[in-house]
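Contents: one structure, followed by commentary.
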Amino acid sequence: MRRVFLDTNFILDTVIWKIDLFGELRRVCDFAYEIVVLDRVHAELEKYHAQGGKKKEVANVAHLVLASGGVKLLKTKGGPVDDLLVRLATKEDAVATQDQDLKRRLKAKGVPVVIIREKGYLQFVGR
């Protein structure tokens with residue numbers, strides 16, 4: 003089974019733009035997969051929650067979305083999320099991100115990337 007890793011900004015953007023994350027992943031993934039979130043991503047969402055205001059609201063919804071979808075939480079030994087994603091993801095996996103630098107690094111490694119297009123749907127690049 004292939005893994006689809008979710009980056010923090012990707013999760014937050016799907017909430018902000020009201021994208022059905024799980025429905026869209028089912029639509030674009032024509033293979034068996036499990037959704038994986040790193041513990042560091044979870045920690046970044048907690049930081050947003052602690053900031054209060056609109057960020058807290060978005061982080062709350064993000065937590066609810068992740069809790070409802072059978073997402074696997076992967077424990078790591080720490081470090082920057084982008085570095086962990088580049089190190090852990092293989093050519094058989096995919097990483098969902100909007101981060102330009104991370105996309106470039108993943109493409110150089112041959113890892114497929116899922117992006118948000120037109121603030122409304124998901125698309126694979128580099129596959």
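Numbering-wise (our numbering), the sequence shown opens with residue 3 and increments by one.
Built from N, CA and C at the ideal position, the CB exists for glycine as well.
Spatial neighbours of R119 in its own chain (CB-CB distance under 6 Å, excluding positions within 5 residues in sequence) are listed in chain order as Q125.
Within the same chain, K93 come within 6 Å of G112 by CB-CB distance, once the 5 residues on both sides are set aside.
Contact check between the segment 45–55 and the segment 19–36: fewer than three CB pairs, one atom from each, fall below 8 Å, which does not count as touching. Counting along the chain, the unbroken beta strand (DSSP E) around V127 starts and ends at 123–127. By the criterion of at least three beta-carbon pairs nearer than 8 Å, the segment 99–106 is not in contact with the segment 56–70.
Counting only runs that start and end inside the segment 46–113, the beta strand (DSSP E) elements of at least 3 residues fall at 74–76, 96–98. For I13, the enclosing alpha helix (DSSP H) begins and ends at 10–18.
Around the beta carbon of P114, 16 or more other beta carbons sit within 10 angstroms, so the residue counts as buried.
Taken atom to atom, the span from the alpha-carbon of Y123 to that of G80 is near 31 Å. By the neighbour-count criterion, in which 16 or more other beta carbons inside 10 Å mark a residue as buried, A96 falls on the buried side. The criterion of a C-beta distance shorter than 8 Å is satisfied by A91 and L108.
When only Cα atoms are considered, K74 and V17 end up about 19 Å apart.
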